[in-house]
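Step one of this worksheet: look at the structure below.
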Amino acid sequence: MLFNQGVLLEDLGETRAALEAYQGAIAEDPDLADCHFNLARLYESLGKSQHAIRHLGQYRRLLASDGR
Numbered sequence: 022m023l024f025n026q027g028v029l030l031e032d033l034g035e036t037r038a039a040l041e042a043y044q045g046a047i048a049e050d051p052d053l054a055d056c057h058f059n060l061a062r063l064y065e066s067l068g069k070s071q072h073a074i075r076h077l078g079q080y081r082r083l084l085a086s087d088g089r
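Heads up: the sequence shown begins at 22 in our numbering, then just goes up one per residue.
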């Protein structure tokens with residue numbers, strides 16, 4: 022549910038609130054690959070490259086372990 026809330030908030034232009042929703046979703050389920058991808062994208066747009074790299078790396082690891 023928090024992931025979907027994050028998507029909605031992002032669509033509404035509420036970047037900070039979307040980040041919080043995505044972070045909450047990750048706290049509940051760290052294996053949400055799409056959530057890591059969205060976090061990476063948002064952090065990159067905010068100029069927070071280290072955070073973006075961390076989440077993009079986790080996204081890639083999850084995809085690789087899923088066989089994609």
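We put the beta carbon where it would ideally sit given N, CA and C, even for glycine.
What number of angstroms, rounded off, separates the C-alpha of G34 from the C-alpha of Y43?
Here residue 34 refers to the residue found at position 13 when the sequence shown is read from its first residue. Here residue 43 refers to the residue found at position 22 when the sequence shown is read from its first residue. Counting only the Cα atoms, Y43 lies some 14 Å from G34.
Option in L40, Y80, L23 and R62 with minimal Cα separation from E49
Residue numbering aside, residue 49 sits at position 28 when the sequence shown is read from its first letter. Ranking the options by Cα distance to E49, first place goes to L23.
Relative to the C-alpha of I74, which residue among S86, F58, A39 and L30 is closest?
Residue numbering aside, residue 74 sits at position 53 when the sequence shown is read from its first letter. Residue F58 is the option with its Cα nearest to I74.
Put E41 into one of helix, strand or coil per three-state DSSP.
Numbered from its first residue, the sequence shown carries residue 41 at position 20. Looking at E41 - three-state DSSP - the assignment turns out to be helix.
Buried versus exposed, by CB contacts within 10 Å (16 or more), A61
The count along the sequence shown starts at 1 and reaches residue 61 at position 40. A61 should be labelled buried.
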